[in-house]
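*Asks:*
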Amino acid sequence: MTTTAPRSEDTTTPGPRPAVVDEAYWSERLRALADEHGVPGAQLGILAMGRPAAEGAPQEPDQDAYAACGVLNTETGHPVGAESVFQIGSITKVWVATAVMQLVDQGRLTLDTPVVDVLPELRLSDPGTTERLRVRHLLTHTSGIDGDLFTDTGRGDDTLERYVALLADAAQNHPLGATFSYCNSGFPLLGRIIEKLTGGSWDAAMRESLFAPLGLSHTGTLPEEAVLHGAAVGHVRGLPDPVRAPVWGLPRSMGPAGLINSTAKDVLRFARMHLNGGLAEDGTRVLSEEGVRAMTEFQVAVPDVHSQGDSWGLGWIRYDWNGHRLVGHDGNTIGQSAFLRVSPETGLAVVLLTNGGHALDLSEELYREIFRELAGVRTRDRLEAPRVPADVDSARDLGTYEHSSLRLEVFERDGDTVLRTTALGPLAEVDPEPVQEHVMVPVEQGLYVVRPRGTRSWIPVTFYDLPTGERYAHHGVRAIPRLRGADTRSAHGA
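Numbering (full-length UniProt numbering), first residue to last: 1 to 494.
(1) Taking buried to mean at least 16 other C-beta atoms within 10 Å of its own C-beta, is GLN43 buried or exposed?
(2) Hey, out of HIS324, ASN332 and PHE298, whose CA is closest to TRP316's CA?
(3) Given GLU9, which residues of its chain have a CB within under 8 Å of its CB, disregarding the five upstream and five downstream residues?
(4) Helix or strand or just coil, what does DSSP make of PHE463?
(5) The alpha helix (DSSP H) that contains VAL292, what's its start and end?
(6) Is the beta carbon of LEU419 closer than 8 Å to that of ARG407?
(7) Tell me whether the beta-carbon of LEU259 lies closer than 8 Å to the beta-carbon of THR284.
(8) Mind checking who ILE145 pairs with in its DSSP beta bridge?
(9) If we ignore side chains and look at the alpha-carbon of each, how far apart do GLU281 and ARG269 end up?
(10) Are HIS37 and HIS358 closer than 8 Å when you measure CB to CB?
(11) Go ahead and pull the three-state DSSP assignment for MET440.
(12) Run through the stretch 151 to 198 for me and flag every whole alpha helix (DSSP H) of 4 or more residues, listed as ranges in chain order.
(13) Hey, could you find the ends of the beta strand (DSSP E) GLY45 is sitting in?
(14) What did DSSP end up calling ASP310 once you bin it into helix, strand or coil?
(15) In three-state DSSP terms, what is SER490?
(16) Can you check DSSP and say which residues form a bridge with GLN87?
(17) Just to confirm, are ASP105 and GLY291 a CB contact at a threshold of 8 Å?
(18) Could you name the residues that DSSP lists as bridge partners for ALA67?
(19) Would SER90 and GLY331 qualify as a contact pair, given that the criterion is a beta-carbon distance under 8 Å?
(20) Would you call ASP266 buried or exposed, if buried means 16 or more other Cβ atoms sit within 10 Å of its Cβ?
(21) Considering only C-alpha positions, which residue in the set THR333, ARG372 and THR422 is nearest to VAL247?
(22) Work out the CA separation of ARG318 and SER201 for me, nearest whole Å.
(23) Give a single yes or no on whether GLY77 has its beta carbon closer than 7 Å to a heavy atom of the ligand ZN.
(24) Do LEU314 and LEU122 have their C-beta atoms within less than 8 Å of each other?
(25) Could you pull the start and end residues of the alpha helix (DSSP H) that PRO127 belongs to?
(26) Count the other CB atoms, across all protein chains shown, that sit within 10 Å of the CB of GLN59; report buried if there are 16 or more and exposed otherwise.
(27) Among ARG451, GLU444 and TYR472, whose alpha-carbon lies nearest the alpha-carbon of ASP391?
(28) Just list the residues that DSSP pairs THR422 with in beta bridges.
(29) To the nearest angstrom, report how far apart MET440 and VAL94 are at their CA atoms.
(30) From VAL20 to SER343, what does the alpha carbon distance come to, in whole angstroms?
(31) Have a look at LEU149, HIS218 and ARG134 and flag the residue whose alpha-carbon is nearest the alpha-carbon of GLY177.
(32) How should ARG51 be labelled, buried or exposed, when 16 other C-beta atoms within 10 angstroms of its C-beta is the threshold for buried?
(33) Just verifying my parser: in three-state terms, what is the DSSP assignment at GLU75?
(34) Among all the DSSP beta bridges, which residues are the ones paired with ALA301?
(35) In the DSSP assignment, find the alpha helix (DSSP H) that holds TRP26 and state where it starts and stops.
(36) Along the alpha helix (DSSP H) that carries ARG484, what are the first and last residues, could you check?
In structure tokens form, the structure reads like this:
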């Protein structure tokens, strides 16, 4: 596993916080920016934990503010309200990591417990990986298991057990611990570990270990729980010509990877617990202080430092925003996107839940304003295409790279280096544009950017070799191996 620590962090004192977090102002900003970025509906939550006051003065009180705008479903026009629920997608993974750390607190496992000690029935395609796989590998996305197997194994309580059995046929995309590659498939495995150690379903375990002690009245894991409130529907194309997603959510087998549905208010209750050293609002101990701290500590560096953070903790993504260390996670399901950022240094947490449109652009613009105004923290500078493209040798990057959900073809055409992406697997059926092409703009050797049509954000594509010589493209925080013997000639673009 890569263990090189990130550069030392600046301890610049954050700027002063306004006396009041202005809910009306941020409501208006959400409304205006959502409209600008074609987002049908959204919720925003801001939590500013009270800072220690000057000596002899009382501590500042906590402040929170919430906003909602737009509609849950463009075909019904039902408005988004404060109690409406959205899919938080892969932010779920931080909740699962928290549940695992609760089991560590209880002495029922350690981060270095072999997975087969808990799941002796586990069989992976590589027997050596089966024996050496640790809980830590799953939490840090370093298992090498093909990460995007969205196989539907039914709606029963045995769905995770059946999913884990299918991993015997999953490809090993890289050697265990050799690099970082975002792995959805590892989280049903973690969910199954939770089931084995608690004796019930993963859904029940989350209710008992997190939802209930945190007082989360609008948070669940199943669609029948979501419909008790007002549930947002995803849109695979945003405004002004929205296209509603053909299905509401992912199969139940992917629950621990991304099926929690919640509100901005409930997500911030979860974030508050982490900011408060593992204590719920009523003082209930949910996680030890040691567990909270361990989750934010450096575990593994990320080959592509521009898409998300520069490193991963346990569940949390770690972000360096101009010398300020934050943690958080994003979540993307079918037409819904969610964004959570937490600043332990300043006590500020912000969550944005959306149901379509250019949500990434919205989140970046909104978070830039919020963190500047409320914490004096400048967000990370987004990677842009250089005015003059770098002079690089692109020949070594040409070829076909593939895993279970995506094929990348990199080829030359008319003097440009072109990236063709083809969605594969079950999710390709709900993608309105399963095949796309983009000209790759070179930033430096092995690093390019592309810009999807209609967006403002440039998306990085990174190429690198493992020490053993295998070539990978890192795209969408996934390490995608180059197919052996793939043709790298420019005729690929014919």
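Ideal Cβ positions, reconstructed from N, Cα and C, are used throughout, including at glycine.
The model shown is predicted, which means the values in this text are computed figures rather than measured ones.
*Replies:* In brief:
(1) Looking at its Cβ environment, which holds 16 or more other Cβ atoms inside 10 Å, GLN43 is buried.
(2) Of HIS324, ASN332 and PHE298, the residue nearest in Cα terms is PHE298.
(3) Residue placement at GLU9 is flagged as unreliable, the pLDDT there being 40, under the threshold of 50; the coordinate-derived value follows with that caveat. A distance below 8 Å between beta-carbons, with the five flanking residues on each side excluded, links GLU9 to the following residues of its chain, in chain order: ASP320, GLY323, HIS324 and ARG325.
(4) DSSP, reduced to helix, strand and coil, places PHE463 within a strand of the structure shown.
(5) Its alpha helix (DSSP H) spans residues 289 to 296.
(6) Remark: C-beta atoms of ARG407 and LEU419 do not approach each other more closely than 8 Å.
(7) No, these two residues do not count as a Cβ contact at 8 Å.
(8) Per DSSP, GLN172.
(9) Cα-Cα distance, rounded: 8 Å.
(10) The Cβ-Cβ distance between HIS37 and HIS358 falls below 8 Å.
(11) Annotated three-state conformation of MET440 is strand, per DSSP.
(12) 159 to 166 and 186 to 198, all fully within the stretch 151 to 198.
(13) 41 to 48 is the extent of the beta strand (DSSP E) around GLY45.
(14) In the three-state reduction of the DSSP assignment, ASP310 falls in the coil class.
(15) Summary for SER490: the model assigns pLDDT 42, below 50, so the residue's position carries little reliability; its value from the coordinates is reported in the next sentence. It is helical.
(16) Answer is ASN261.
(17) Cβ distance < 8 Å, so ASP105 and GLY291 count as in contact.
(18) ALA67 pairs with LEU44.
(19) In this structure, SER90 sits near GLY331, with a CB-CB distance shorter than 8 Å.
(20) ASP266 counts as buried, since no fewer than 16 other beta carbons sit within 10 angstroms of its beta carbon.
(21) Among THR333, ARG372 and THR422, the Cα nearest to that of VAL247 is on THR333.
(22) The alpha-carbon atoms of SER201 and ARG318 are separated by roughly 30 Å.
(23) The model on display carries no ligand, and the ligand ZN is accordingly not part of it.
(24) Not closer than 8 Å, so no.
(25) Taken as a continuous stretch (DSSP letters only), the alpha helix (DSSP H) holding PRO127 covers 127 to 132.
(26) Counting Cβ neighbours within 10 Å, GLN59 comes out exposed, since fewer than 16 surround it.
(27) Shortest Cα-Cα distance from ASP391 to any of ARG451, GLU444 and TYR472 involves GLU444.
(28) THR422 pairs with ARG407 and VAL435.
(29) Whole-angstrom Cα-Cα distance: 33 Å.
(30) Between VAL20 and SER343, the C-alpha separation is close to 18 Å.
(31) Residue nearest to GLY177 within the set LEU149, HIS218 and ARG134 is ARG134 (criterion: CA-CA distance).
(32) Exposed: under 16 other Cβ atoms inside 10 Å.
(33) DSSP places GLU75 in coil when its eight states are reduced to three.
(34) Under DSSP, ALA301 takes part in a beta bridge, and its partners are SER311.
(35) Per DSSP, TRP26 belongs to the alpha helix (DSSP H) from 23 to 36.
(36) Careful: ARG484 lies outside any alpha helix (DSSP H) and carries neither H nor E.
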